[in-house]
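Asker: The numbers in the sequence shown follow the numbering used here, run straight up by one, and end at 100. I am attaching a structure below and will ask some questions about it afterwards.
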Amino acid sequence: MYSFGQISSGELMQQLAERLKARRLEKGLSRQALAELSGVPAPTIARFEQQHAISMRQYLDLAIALGYADQLQVLMQEAIYKTMEELETIKQNQNRKRGR
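Okay, structure coming up:
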């Protein structure tokens with residue numbers, strides 16, 4: 001499992017699943033109703049909420065169906081840096097098309 005910063009990918013998936021479930025319930029939607037809105041099968045929604053497993057495309061479909069398209073579009077839009085050296089590296093590599 002990968003860990004970036006202070007949160008692991010598994011912990012992040014759990015948080016995303018909990019938040020998605022909370023937003024679904026706030027809107028008064030059953031899993032079946034969200035399935036109909038998003039095109040993601042209800043058992044897949046249940047698996048995500050309980051086991052935190054889902055494909056990226058299906059997660060995006062669910063988030064969009066719940067009205068979060070704008071927030072998804074700004075995700076990773078700007079570079080984040082922790083040191084001035086990292087900022088300089090980012091500036092030098094802004095137009096790169098390939099890794100080293």
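Just so you know, even glycine gets a beta-carbon here, dropped at the ideal spot from N, CA and C. Owing to the predicted nature of the structure, the values given are computational and were not obtained by experimental measurement.
Which runs of the alpha helix (DSSP H) spanning at least 4 residues fall entirely within the region 62-99, listed in chain order?
Answerer: 69-73 and 84-92
Asker: Three or more beta-carbon pairs under 8 Å between the region 8-16 and the region 34-41, yes or no?
Answerer: The region 8-16, when compared against the region 34-41, does not touch it at the 8 Å Cβ threshold.
Asker: If you follow the alpha helix (DSSP H) that Ile54 is part of, which residue opens it and which one closes it?
Answerer: Looking at the DSSP string, Ile54 is not in any alpha helix (DSSP H), and its letter there is neither H nor E.
Asker: How is Lys27 classed by DSSP in three states: helix, strand or coil?
Answerer: coil
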